[in-house]
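In full-length UniProt numbering, the protein residues as written are 1 to 625.
Yeah, the Cβ is synthetic: ideal placement off N, Cα and C, and Gly gets one too.
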Amino acid sequence: MYRTSRSLSRSEYEKANRLAKKDFLANISKGKEGYLPCLEDIIHNAEIIKEEKLGLIDIPIERIKGTYYHSRSLSFSANFYPLMKIDSEFASKWINLYEAHISEGIRDPVTAYEYLNWFYIVEGNKRVSVLKYSDAFSVRGEVTRLIPKWDENNPEIRIYYEFLDFYKKTKINIIWFNKEGKFKELYELIKDYKKKSDFVENEYDELVHSVYLLFRKLYREIAKDTISLTEEEAFLEYLKKFGLENVPTIEREMSEQVNELIEELEERLGKPSEPLFKLPQIFAGKTLKVAFLYNTSIEESAWTYSHELGRRYVQKRLGNEIITKYFENISDLKTYEKILEQLEEEKFDLIFSTSFDFLQNQNTKELQNVRFMYFSGYRTTKNINTYFGRMYEPRFLSGMIAGAMTTNNKIGYVASYGIPEVIMGINAFALGAKAVNPKAKIFVGWTNTWRNIEYERDTSEYLINEIGVDVLTHHQDSPEVCKVGEEYGVYTIGYHIDMKDYAPTTHLTSVVWNWGVYYENIIKDVLRGSNFSLFRLFSGSEKIENFWGGLKSGVVCLSPISKIVPSTTKNLVDTVKTDIMENRFHPFRGGIFDKEGNMKVSEGKDISDEELMKMDWFVDNVYYS
1 MYRTSRSLSR SEYEKANRLA KKDFLANISK GKEGYLPCLE DIIHNAEIIK
51 EEKLGLIDIP IERIKGTYYH SRSLSFSANF YPLMKIDSEF ASKWINLYEA
101 HISEGIRDPV TAYEYLNWFY IVEGNKRVSV LKYSDAFSVR GEVTRLIPKW
151 DENNPEIRIY YEFLDFYKKT KINIIWFNKE GKFKELYELI KDYKKKSDFV
201 ENEYDELVHS VYLLFRKLYR EIAKDTISLT EEEAFLEYLK KFGLENVPTI
251 EREMSEQVNE LIEELEERLG KPSEPLFKLP QIFAGKTLKV AFLYNTSIEE
301 SAWTYSHELG RRYVQKRLGN EIITKYFENI SDLKTYEKIL EQLEEEKFDL
351 IFSTSFDFLQ NQNTKELQNV RFMYFSGYRT TKNINTYFGR MYEPRFLSGM
401 IAGAMTTNNK IGYVASYGIP EVIMGINAFA LGAKAVNPKA KIFVGWTNTW
451 RNIEYERDTS EYLINEIGVD VLTHHQDSPE VCKVGEEYGV YTIGYHIDMK
501 DYAPTTHLTS VVWNWGVYYE NIIKDVLRGS NFSLFRLFSG SEKIENFWGG
551 LKSGVVCLSP ISKIVPSTTK NLVDTVKTDI MENRFHPFRG GIFDKEGNMK
601 VSEGKDISDE ELMKMDWFVD NVYYS
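Pasting the structure below:
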């Protein structure tokens, strides 16, 4: 009998362990910490003004967020499930606790801190893990509350102080709001509640168990995440609609009310809007004449070369449907204007300018037969549109690789200019590194030029010799950074094109532009007479009237990852890549803080395209001079 029972408990641990690993990878793929949060790290820079003993209380399992000690956090995934192997001493103790819970229940209280109404376990982590896995509601615990200093400019602190007043009156800790004023609003709705049982000391405890938890259960079942309203806010709406005196305690009766509420909320909050455009009718068109303008020579710039590869690709793919022509080394306005006049005279239909250097040239208004496409531009008119790519997506993936490969947590980034396009890439790379290695730091060296081999070499050597970085990447137009990395034996990540040939022994991967994919899609669209309607299709935003394709479009990607990189890291990168392509994860998903500790992207929210295009701040693990 013992062996059978032990075998079943062991199977439960193996199941919990598999779920822990799944949760760990899922969190990493979303740019979050995979291990259990630890309060030691969370309050490291917080100013705690008071410790308050709450005594022995019921701690809702859902409000237990982590452990106190960093060393213990590494034994659990973020959902508190066990990560240690089945043959470990840890696993044996977990199994013993699981058997005790099944046979008689876990009775020994845990010890915990409460901070911002989240609970962090000091002693009893395995007990909580077993209870989480067993879907228990609460655990008894000796709790000490840590109260942070009041901060008028911090909305989270303001909400917490509002909660403290609410808790003092009700002792309710299972309800939490993310908006100010909601705790006060709830208290006004429930303050006159009269308990119905003489066996309950606290009327609000009865209210939670007989009313709120029943509502929460029904709301989760019926709404099924179709309404963008938290269950706490929905509970407020429920009480306002029906009144506390009309709330039933019978599930069937409350279910009818909740259904009625949800129908009302769906009508009030609206339904997903229909697409704002439709693809045009395909019609036979003339041969399209397309010109490509390069501000440098093809041979000296990886950036220009990537566009030339795109031109060759689309010419081969579309054959006699198009005629392409390119002009290189357009380094001054006079040459640029002369080429424009030539293209107008030769009746070219579409011009791709691979730089925004000449975007402000007013002569474009006089060329009525030509449609202009400017890379990374900021101005659109009837004959001008802009195009770019979500390079931050593969930048994030390459950051994951760098974070996994560094041995001293110092990673170098040689950057050109402090403009949104470059800052966006640095931040995405830093967030990717941080996702797999919370200790990773990104050190940026500026060259203030797109291409200057001497500056790129000097900056790379400075990062290696003075800072001590052991991984290098860049936002430059030449492969010089990779060459320097190869000379010094430092891991390298290239840009624009696959740069493995420039660093055959140290190259990890490159973030790459596949302009041929873009050119083919947009030129086909023009041939069909759509006037660039596919911009919105690719960018996913009706507000930005330009093309901004990402991994899913194929315009940006990673080059093949080197054999140097462990297979576990490759598999993780592939998982995150799939999540990005299927819109399950955004590299800039909050909460994200800048260098000054300001929250720039709220928890669980994705940054908007407009905010990306104006980015002028750095995430908290970026260092620069």
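From this set, G403, D58, N329 and L116, which residue's C-alpha is nearest E162's C-alpha? Among G403, D58, N329 and L116, the Cα nearest to that of E162 belongs to L116.
Report the partner residues of C557 according to the DSSP bridge assignment. According to DSSP, C557 bridges with V512.
Backbone secondary structure at E180 - three-state DSSP: Note: E180 maps to coil in three-state DSSP.
Assuming the contact rule is C-beta atoms closer than 8 Å, N125 and F90 should be a hit. Round their C-beta distance to whole Å, please. About 10 Å; that fails the 8 Å criterion.
T67 classed as buried or exposed, judged by whether at least 16 other C-beta atoms fall within 10 angstroms: Buried.
Does the stretch 430-438 come within contact of the stretch 455-470, defined as at least 3 CB pairs closer than 8 Å? As far as the Cβ criterion goes, the stretch 430-438 does not touch the stretch 455-470, which means the pair count is below three.
List the whole-angstrom C-beta distance separating M405 from V565, where the pair is believed to meet the contact cut-off of C-beta under 8 Å. Confirmed, about 7 Å.
What's the gap between the Cα of E201 and the Cα of D58? Whole-angstrom Cα-Cα distance: 14 Å.
For V314 and N408, what's the separation of their Cα atoms in angstroms? Spanning the alpha carbons of V314 and N408 requires a straight line of approximately 44 Å.
Please report the residue range of the beta strand (DSSP E) in which D58 lies. Judged by DSSP secondary structure, D58 falls within the beta strand (DSSP E) whose first and last residues are I48 to P60.
Using a threshold of 8 Å, state whether the C-beta atoms of R395 and G418 are closer than that. No. Outside cutoff.
Pick out whichever of R311, L318, K316 and G319 has its Cα sitting closest to the Cα of F327. If we check each option's Cα against that of F327, R311 comes out closest.
Curious, which full-length beta strand (DSSP E) runs of at least 3 residues does the stretch 126-212 contain? The stretch 126-212 contains these whole beta strand (DSSP E) runs: 138-148.
Taking a contact to mean a Cβ-Cβ separation below 8 Å, would you say Y212 touches F235 in this structure? Between Y212 and F235, the gap from beta carbon to beta carbon is short of 8 Å.
For I95, which option in N79, Y133 and R72 has the closest C-alpha, if you only look at C-alpha atoms? Looking only at N79, Y133 and R72, the smallest Cα-Cα distance to I95 is reached by Y133.
In three-state terms, what does DSSP make of P82? Reduced to three states, the DSSP call for P82 is strand.
Shorter than 8 Å from the beta carbon of S567 to some beta carbon of chain C? No chain C appears in this structure, which consists of one protein chain only.
Residues of its chain near N173, where Cβ-Cβ distance is below 7 Å and the 5 sequence neighbours each way are ignored: If we look at N173 and ignore the five residues flanking it on each side, its Cβ neighbours are P60, R63, N117 and Y167.
Check the C-beta distance from V414 over to Q476 and give it rounded, since I have them as a contact under 8 Å. Confirmed, about 6 Å.
Local Cβ density within 10 Å of I49, reported as buried at 16 or more and exposed below that: The C-beta of I49 has fewer than 16 other C-beta atoms within 10 Å across all chains shown, which makes the residue exposed.
Tell me the DSSP secondary structure of K441 in three-state form. The three-state reading of DSSP puts K441 in strand, counting E and B together.
Taking the Cβ atom as the reference point for each residue, do K182 and E233 lie within a distance shorter than 8 Å? Yes, they are a contact pair.
Going by DSSP in three states, M400 sits in which element: helix, strand or coil? Annotated three-state conformation of M400 is helix, per DSSP.
Examine the Cβ distances between the stretch 443-452 and the stretch 467-487 and report whether three or more of them are shorter than 8 Å. Touching, per the Cβ criterion.
CB of I106 within 8 Å of CB of N17, strictly: For I106 and N17, no; Cβs fall outside 8 Å.
Beta strand (DSSP E) containing W118: first to last residue? Element bounds for W118: W118 to E123.
Can you check which of these residues, K439, T509, E256 and R390, is closest to Y623 by C-alpha distance? Closest in C-alpha terms to Y623, from the list K439, T509, E256 and R390, comes K439.
Taking DSSP as the reference, what is the three-state secondary structure of H507? If DSSP states are grouped into helix, strand and coil, H507 belongs with the strands.
Alpha carbon to alpha carbon, what distance is there between D606 and F547? Here F547 scores only 49 on pLDDT, less than 50, and its place in the model should not be relied on; the value that follows carries that caveat. Answer to the nearest angstrom: the Cα atoms are 19 Å apart.
Measure the C-alpha to C-alpha separation of E33 and K570 and round it to an integer number of angstroms. Note on geometry: alpha-carbon atoms of E33 and K570 lie some 18 Å from one another.
Looking only at its chain, what residues have a beta carbon closer than 7 Å to the beta carbon of E393, apart from the 5 residues adjacent to it on each side? Within the same chain, and ignoring the five residues on either side of E393 in sequence, the residues whose Cβ sits closer than 7 Å to its Cβ are G550, L551, V556, I580 and P587.
Integer-rounded CB distance, given that R127 should sit under 8 Å from L83: The distance from the Cβ of L83 to that of R127 is about 17 Å, inconsistent with a contact at the 8 Å cut-off.
Let's test the definition: count the other Cβ atoms within 10 Å of the Cβ of L463 and tell me whether it reaches 16, buried, or not, exposed. Under this definition L463 is a buried residue.
What's the gap between the Cα of E231 and the Cα of I157? Distance from the CA atom of E231 to the CA atom of I157, rounded to whole angstroms, is 22 Å.
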